[in-house]
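UniProt numbering applies: residue 1 is where the sequence shown begins, and numbers increase by one. Ideal placement from N, C-alpha and C gives every residue a C-beta, glycine not left out. For clarity, every value in this text was computed on a predicted model and none was experimentally measured. Here the structure is laid out as structure tokens; the discussion comes afterwards.
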Amino acid sequence: MRELNTQVLVVGAGGAGLALSIFLGDLGVDALTIERHPGTSHLPKAHYINQRSMEIFRQHGVADAIYARSAPRENLGRIRWMTSLGGDGPLDGLQFAAPSILGGGDHAAMYDQKGTTHPTNIPQIRLEPILLEQCEARYPGRILFNHELESFAQDANGVTAIVLDRQSGERMTVRCAYMIAADGGKTINPALGIEMIGDKDLGDFYTVWFAADLSGYIKDDDAVMRRIFHPEKPYRVNSLLTFGPDHWDGRSEEWASNFTRGPRFASVPGERETVTDEELIEDVRGFLKVDVPLTVRRVSRWSLETVIADKMQVGRIVIIGDAAHKHPPAAGLGLNSGFQDAHNIAWKLALVTKGLAPASLIDAYELERRPVTASNVRWSINASTNAYLIMSGIGVVPGESPEKTCERFKVLVEDSFEGETRRAQLNEILNIQRVEYAAHDRELGFVYPDGAVVDDGSPPAKRDPMGHIYYPTTRPGSRLPHAWLTQGDRRLSTHDLIPMGGFALISGANGGRWHDAAAQIAAESGITIHAWSVGPGGDVADPSGQWLSEREIGDDGAILVRPDAHVAFRALGRVDDPAGTLRNAFEQILSGSRAATKTAEPMAANSGD
Ligand SMILES: Cc1cc2nc3c(=O)[nH]c(=O)nc-3n(C[C@H](O)[C@H](O)[C@H](O)COP(=O)(O)OP(=O)(O)OC[C@H]3O[C@@H](n4cnc5c(N)ncnc54)[C@H](O)[C@@H]3O)c2cc1C
1 MRELNTQVLV
11 VGAGGAGLAL
21 SIFLGDLGVD
31 ALTIERHPGT
41 SHLPKAHYIN
51 QRSMEIFRQH
61 GVADAIYARS
71 APRENLGRIR
81 WMTSLGGDGP
91 LDGLQFAAPS
101 ILGGGDHAAM
111 YDQKGTTHPT
121 NIPQIRLEPI
131 LLEQCEARYP
141 GRILFNHELE
151 SFAQDANGVT
161 AIVLDRQSGE
171 RMTVRCAYMI
181 AADGGKTINP
191 ALGIEMIGDK
201 DLGDFYTVWF
211 AADLSGYIKD
221 DDAVMRRIFH
231 PEKPYRVNSL
241 LTFGPDHWDG
251 RSEEWASNFT
261 RGPRFASVPG
271 ERETVTDEEL
281 IEDVRGFLKV
291 DVPLTVRRVS
301 RWSLETVIAD
311 KMQVGRIVII
321 GDAAHKHPPA
331 AGLGLNSGFQ
341 DAHNIAWKLA
351 LVTKGLAPAS
361 LIDAYELERR
371 PVTASNVRWS
381 INASTNAYLI
391 MSGIGVVPGE
401 SPEKTCERFK
411 VLVEDSFEGE
421 TRRAQLNEIL
431 NIQRVEYAAH
441 DRELGFVYPD
451 GAVVDDGSPP
461 AKRDPMGHIY
471 YPTTRPGSRL
481 PHAWLTQGDR
491 RLSTHDLIPM
501 GGFALISGAN
511 GGRWHDAAAQ
521 IAAESGITIH
531 AWSVGPGGDV
541 ADPSGQWLSE
551 REIGDDGAIL
561 VRPDAHVAFR
571 ALGRVDDPAG
581 TLRNAFEQIL
591 SGSRAATKTA
601 EPMAANSGD
């Protein structure tokens, strides 16, 4: 049997696995990625790539390639609620609400001020080939499709995996220091006995992806998302998504329709298996009421799940993406959480495999990511169940007949004071749905209080319970606030101060002693640390004063930022021994903090056999 050695084996080339391969490539880690399918996914699932994910892709030089194929920003601003696209009934073709969404519309300025780059909309079926192209540029010949992980066993020094080449039928042994389960939870979790905790099968959902010329029905150009609700069929809300690839307004060449056939959050035993593609396509025609040909690309069936793995690491196996957490689509946190898992583990793998940090740094991954992703899973289901509030705002009363719903709905859209009141009421209710449409703090404000960080004893930073307003903070564990700075003619973000795979030390005006300390620790440890003083007389200027207002340290203080742009340590002001302080901080950070204790416990060998 052929044998292959690599530092990291990534199992699964879905969004999470591909993103991890890109990050590892930039960090110079020897890695191999295997995928059992012949190519990237054919399922039109994720489409919203949130602001933090786009920042991460910007850091890795991939954002421009994604924007080039995504919906332009002007098409992203709103989600339009309407009864149908066409039809000639009295309640057909009515638009009754259009809140802002996807970091656009009324929220664009807020997003732009707080992030290095903006969120975007690109269907997963078009995103994955872009990520693959980037992976192949970094790892020529090391992304193997048609290769399936069959079994594995781990010992104290590494993991041995048996991989089947599904085309030739031959097997090879891959020996690696770490194996990453980016397999959607299909193979590795069951072998490790990992349990997915939470609710499964919360409803039957369907996606019909089709090509159609809907330009005769859609004239606005500021919405890539539409919710179709018809009072004659309450509870059957249909999401219509613009799928491009060349136009993202009414002229879009392709579309996807996600819907349920009955009430949400209730799975009908056997329905997904028995309903035919033809019936589902008829459903879409019924929703849209359009009189143009629909050329179906694919019909898919899925169930709503809200689960989190009981472990995100077992010894030398680390679990990322849907293998670790499955979300309802509301708030678009599924794939985005997977990208952020990948970003979190990549720099740790790089430092450990290069011998620059102890193995316990890897253990910090679970300490950091599990609370964040568990919270994201709960957030997604709450955002989904809020749909009932919207139904109530529209005028759906449980148990009432569709005729009665139509009567109530007529008032909502009529030109009367009562109609105005109902619309105002609905808009207030829809404003609550910013937990789904504009959860900016969910995107940027997640924190790692425990893990590879040094707690400075300050109280937890303020967070918006509605998840809408993101409050920048440099409290250890938080994402480094973004501010635009200048260096000569060059405009750069605070995030651009972080070297690839290294740390940034950002000081106030009197940072000289901190900079000397950073140089000393870098020389001792072999870790790259770039030191910057920001502000008047510093290495970079802060012309708008945004950084000054967000940094929360004095002129004698310093902030140490990790390779993933999260703050690892800060000193609010002067310390007597900056080199000693920084050395202690690095010891704590690289040991993975509380994780160090965990690794000291004997590690049980796990076998996939
Ligand atoms: C309708 C819908 C809309 C969504 N919208 C959004 C959104 O807007 N934003 C968002 O962030 N998320 C969204 N999601 C969620 C998102 O699609 C998933 O979170 C994402 O696809 C998970 O990616 P992954 O790489 O972790 O797993 P997967 O995409 O499941 O990839 C796992 C890969 O591993 C491979 N594999 C499995 N076993 C093996 C093996 N033994 N050997 C080799 N390879 C193996 C599989 O073939 C697969 O390619 C949506 C989901 C749905 C259903």
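- Residue environment for H343: buried (at least 16 other C-beta atoms within 10 angstroms of its C-beta).
- A direct Cα-Cα distance of roughly 21 Å separates V453 from G511.
- In terms of CA proximity to V413, P90 leads the group R69, R58, P90.
- A Cβ-Cβ contact shorter than 8 Å links L430 with P99.
- In terms of Cβ geometry, H468 and R513 do not form a close pair [threshold 8 Å].
- Rounded to the nearest angstrom, the gap between the Cα atoms of G244 and W255 is 7 Å.
- Checking the 7 Å criterion, the Cβ of N427 is out of range of every heavy atom belonging to ligand 1.
- The three-state reading of DSSP puts H107 in helix, counting H, G and I together.
- In this structure, L505 places its C-beta atom within 8 Å of the C-beta atom of A558.
- When beta bridges are read from the DSSP output, V307 appears opposite G198, K326.
- At least 8 Å separates the beta-carbon of G103 from that of A223.
- With the rule of 3 Cβ pairs closer than 8 Å, the stretch 323-341 counts as touching the stretch 47-56.
- Uninterrupted beta strand (DSSP E) stretches at least 3 residues long and entirely within the stretch 534-587 occur at 558-561, 567-571, given in chain order.
- In this structure the stretch 255-274 does not lie against the stretch 161-174, because fewer than three pairs of beta carbons, one per stretch, are closer than 8 Å.
- Here the C-alpha atom of R490 lies approximately 40 Å from the C-alpha atom of H327.
- At least one heavy atom of ligand 1 falls within 7 Å of the beta-carbon of T207.
- Taking a contact as a CB-CB distance under 8 Å, the pair I394 and F229 counts as one, their CB atoms being some 6 Å apart.
- R2 counts as exposed, since fewer than 16 other beta carbons sit within 10 angstroms of its beta carbon.
- For E254, the beta-bridge partners assigned by DSSP are A211, G244.
- Taking a 10 Å sphere around the C-beta of I197, we find fewer than 16 other C-beta atoms and assign the residue as exposed.
- For R491, the uninterrupted beta strand (DSSP E) segment begins and ends at 490-493.
- Inclusion of Y365 and K348 in the CB contact set at 8 Å is warranted, their separation being smaller than that value.
- Within the same chain, Cβ atoms closer than 7 Å to the Cβ of V534 are found at L485, I506, V540, D542, W547, the five residues on either side in sequence being excluded.
- Of the candidates G332, A309, A266, A266 places its Cα closest to the Cα of S303.
- By the 16-neighbour rule on beta-carbons within 10 angstroms, G592 is buried.
- For Q425, there is no enclosing beta strand (DSSP E); the residue is part of the alpha helix (DSSP H) that begins and ends at 417-432.
- Residues G250, R251 of the same chain have their beta carbon placed closer than 6 Å to that of S215, with the five preceding and five following residues left out of the count.
- If you look at R175, you'll find it in the beta strand (DSSP E) that goes 171-181.
- Straight-line spacing of the CA atoms in L497 and A483 works out to 11 Å.
- Per DSSP, the continuous alpha helix (DSSP H) segment holding M54 begins and ends at 51-59.
- With respect to H147, E35 sits close: the two C-beta atoms are nearer than 8 Å.
- Counting of Cβ neighbours within 10 angstroms places T295 among the exposed residues, the total staying below 16.
- A distance criterion of 7 Å places the beta-carbon of E305 beyond contact range of ligand 1, judged by its closest non-hydrogen atom.
- The alpha carbon of I122 has as its nearest neighbour, out of L149, N336, T473, V447, the alpha carbon of N336.
- Boundaries of the alpha helix (DSSP H) around A387: 387-394.
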